[in-house]
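A quick write-up on the structure given underneath.
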Amino acid sequence: MTQQLPSAVVDRPVVGSYANYAAAQRAVDFLSDNKFPVEHIAIIGSDLRMVETVLGRLTRGRAALAGLGTGAWFGLLIGLLLSVFAQGPHSVLVLILSGILYGAAFGAIAGFVGHALTGGRHDFSSRSQIVAARYDVVADTEVAEEAKNMLIKLDWREG
Numbered sequence: 004m005t006q007q008l009p010s011a012v013v014d015r016p017v018v019g020s021y022a023n024y025a026a027a028q029r030a031v032d033f034l035s036d037n038k039f040p041v042e043h044i045a046i047i048g049s050d051l052r053m054v055e056t057v058l059g060r061l062t063r064g065r066a067a068l069a070g071l072g073t074g075a076w077f078g079l080l081i082g083l084l085l086s087v088f089a090q091g092p093h094s095v096l097v098l099i100l101s102g103i104l105y106g107a108a109f110g111a112i113a114g115f116v117g118h119a120l121t122g123g124r125h126d127f128s129s130r131s132q133i134v135a136a137r138y139d140v141v142a143d144t145e146v147a148e149e150a151k152n153m154l155i156k157l158d159w160r161e162g
């Protein structure tokens, strides 16, 4: 089920349209720097698409290594929490190191087994992000003309 934006957001006039988010953000920053009431502004991304960037091949060894790192951090956290109740500096060190070692071991096993259970269906690591083809800066009707005029000045400056 897709969620609809409130018509109060969508029906506002476009005061600037940009090819990337950084440019739209720069426009809103310009308005803010010039004391424009930016609470009347929104940035709307249009024509969304999901881009998955493949980072590399994922083997069982790499999955185990990633699990080892995650497990070590989790073990450190558990070791630090348990060390609050320790009775001396030696036992604090033992608890922290034990937490790291056990966490790393369990994390490596979990990473290896988890990847093995996929049966080779997803043998690569990747990063997903949602990107828009266009970013529109919109404003409430009562301040739209002022915003548009200010953004024309920004275009003159950068153009």
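Numbering (our numbering), first residue to last: 4 to 162. In this text, a Cβ means the ideal position worked out from N, Cα and C, and glycines have one as well.
Local conformation of residue i per DSSP, three classes
i	result
residue 132	strand
residue 4	The predicted position of residue 4 is uncertain, since its pLDDT is 47 and thus under 50; no value can be drawn from it.
residue 95	helix
residue 102	helix
residue 87	coil
residue 127	strand
Length of the line joining the Cα atoms of residue i and residue j
i	j	result
residue 18	residue 133	23 angstroms
residue 77	residue 96	16 angstroms
residue 4	residue 129	Residue confidence for residue 4 is low, a pLDDT of 47 falling below 50, so the modelled location carries little weight and cannot support an answer.
residue 57	residue 124	14 angstroms
residue 101	residue 90	16 angstroms
residue 30	residue 15	17 angstroms
residue 34	residue 47	16 angstroms
residue 87	residue 116	33 angstroms
residue 142	residue 157	16 angstroms
residue 149	residue 21	18 angstroms
Cβ-Cβ separation, residue j to residue i (assumed contact under 8 angstroms), whole Å
i	j	result
residue 107	residue 49	No, residue 107 and residue 49 are not in contact; Cβ-Cβ is about 45 angstroms, not under 8 angstroms.
Beta-ladder partner(s) of residue i, from DSSP
i	result
residue 19	140
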